[in-house]
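Using the working numbering, read the sequence shown as starting at 7 and increasing by one per residue.
Some notes on the structure that comes next.
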Amino acid sequence: MSILTRARYDKQGKRICARCGSDRFERVLREGILQTHIMPFFHRYPWRCVICNLTFYRPLRRNAEDPAEWR
Numbered sequence: 007m008s009i010l011t012r013a014r015y016d017k018q019g020k021r022i023c024a025r026c027g028s029d030r031f032e033r034v035l036r037e038g039i040l041q042t043h044i045m046p047f048f049h050r051y052p053w054r055c056v057i058c059n060l061t062f063y064r065p066l067r068r069n070a071e072d073p074a075e076w077r
């Protein structure tokens, strides 16, 4: 799991996994001190790639930079 995993996007602007290139993600429950006490302060939530299980953090709500289907 990496806090510093950078976002990657394909040519259509759709978010993809930095490790495997998949576009399938799921929101996961917070576990441990980092996720339950520190990351909420920065409004970051854990997400996981369904294919390779890479966990990364991002805001829950969408903004102008995120595609509509990404939530």
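For each residue, glycine too, the CB sits at the ideal point set by N, CA and C.
Since we're looking at a predicted model, the values are computed, not measured.
Residue i burial status per 10 Å Cβ neighbour count (16 or more: buried)
| i | result |
| --- | --- |
| F47 | exposed |
| C23 | buried |
| P65 | exposed |
Beta bridge counterpart(s) of residue i as assigned by DSSP
| i | result |
| --- | --- |
| R14 | I22 |
| T61 | R54 |
| R33 | W53 |
Cβ-Cβ distance between residue i and residue j below 7 Å
| i | j | result |
| --- | --- | --- |
| R25 | C58 | yes |
| T61 | R50 | no |
7 Å Cβ shell around residue i - same chain, five flanking residues per side excluded
| i | result |
| --- | --- |
| Y15 | R21 and I22 |
Cβ neighbours of residue i in the same chain (closer than 8 Å, five flanking residues each side left out)
| i | result |
| --- | --- |
| V34 | P52, W53, R54 and T61 |
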